[in-house]
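See structure below.
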């Protein structure tokens with residue numbers, strides 16, 4: 081524990097190596113994660129967490145790179161959590177984009193970490209939330225979570241981020257109409273990247289039309305035209321992020337979001353532990369296989385078997 085205390089004290093003074101080591105510990109060992117989060121908890125809650133999401137090929141890494149460079153020019157300290165697909169279902173070719181961000185790693189006020197989805201079918205891994213907390217305690221003013229833009233990660237990010245930037249590009253054609261309403265609804269700011277390409281104005285119009293159909297918004301998300309690789313529209317996007325941050329604070333919605341997300345986090349952690357207990361019991365002495373055989377032989381139904389296994393929780 082002494083070593084842990086020393087690492088944390090070094091990290092909060094800006095030591096990158098200590099921060100990296102703590103993140104590795106959080107990722108790889110549940111008991112370490114528990115002790116670290118407990119020790120740094122009082123130092124968290126200051127960073128604004130921004131989710132960058134959107135379809136593959138939208139230029140999310142380039143956009144993140146330019147945003148971060150602008151923020152550090154303004155004297156801000158920034159953390160980046162880049163989610164890499166480790167599931168065969170995730171897909172996405174992002175290595176090239178990530179290499180472009182490597183020069184940021186040399187910046188004093190930037191910390192970058194790539195995390196795998198670890199079989200979460202594109203979703204954010206359990207350790208993502210804890211890594212964000214470590215970067216928060218490290219002193220980051222902003223923490224960017226860049227998703228692979230596939231599947232569950234786009235939905236999961238709302239459970240962690242304070243502001244969500246949805247990145248689109250021209251050339252999606254009719255695909256933009258088929259984007260799930262739920263995915264559109266999570267965006268706080270919409271970006272049309274590569275806006276120098278043909279069809280950018282049409283894409284922006286289509287996004288605006290879809291937003292007009294949503295009558296349940298307290299605040300209409302802005303649509304920002306950006307060409308990240310030319311650094312065009314980046315200042316405007318930074319301003320929109322700042323405006324959204326101010327809006328959340330002034331309306332009390334930031335605390336609402338954090339309360340909601342913390343509640344979901346606790347429930348998910350409880351579910352995980354209960355699942356471990358029940359599965360451990362079910363897997364012992366081939367009990368699960370035996371019960372499944374009883375289901376197939378019509379001796380018991382699935383509800384009976386479920387209740388038998390859940391009864392272990394009452395003991």
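Residue numbers (my numbering): 81 to 395. Note that beta-carbon positions come from the ideal geometry of N, C-alpha and C, so glycine has one too.
Nearest neighbour of residue 212 by Cα position, chosen from 149, 241, 184, turns out to be 241. Taking the C-beta atoms as reference points, residue 138 is found no nearer than 8 angstroms to residue 222. Annotated three-state conformation of residue 193 is strand, per DSSP. Residue pairing by DSSP puts residue 162 in a beta bridge opposite 194, 226. When secondary structure is reduced to three states using DSSP, residue 389 falls in the helix class. DSSP places residue 240 outside both helix and strand once states are collapsed to three, so it counts as coil. The continuous alpha helix (DSSP H) containing residue 106 extends over residues 96–108. Residue 193 and residue 105 have their C-alpha atoms spaced approximately 13 angstroms apart.
Contact check between the stretch 335–348 and the stretch 371–390: fewer than three CB pairs, one atom from each, fall below 8 angstroms, which does not count as touching. Closest option to residue 392, judged by alpha-carbon separation, among 377, 110, 359: 359. Between residue 84 and residue 91, the CB-CB gap reaches or exceeds 8 angstroms. Looking at 110, 226, 208, 89, the one whose alpha-carbon comes closest to that of residue 353 is 110. Residue burial annotation: residue 186 is exposed, with fewer than 16 other C-beta atoms found within 10 angstroms of its C-beta. The closest CA to that of residue 237, considering only 225, 248, 247, is found on 225. With distances taken between CA atoms, residue 273 lies nearest to 310 out of 243, 335, 394, 310. Runs of beta strand (DSSP E) with 3 or more residues, each lying fully within the stretch 290–368, are found at 303–305, listed in chain order. When rounded, the separation of the alpha-carbon atoms in residue 362 and residue 389 is 6 angstroms.
Between the alpha carbons of residue 113 and residue 210 lies a gap of roughly 7 angstroms. Assignment of beta-bridge partners to residue 270 by DSSP yields 246, 303. For residue 133, the uninterrupted beta strand (DSSP E) segment begins and ends at 128–133. Residue 283 has its alpha-carbon roughly 8 angstroms from the corresponding atom of residue 251. For residue 112, the secondary structure class from DSSP, reduced to helix, strand or coil, is helix.
The criterion of a C-beta distance shorter than 8 angstroms is not satisfied by residue 228 and residue 248.
Rounded to whole angstroms, the separation of the alpha carbons of residue 335 and residue 246 is 22 angstroms. Bounds of the alpha helix (DSSP H) holding residue 146 are 140–153.
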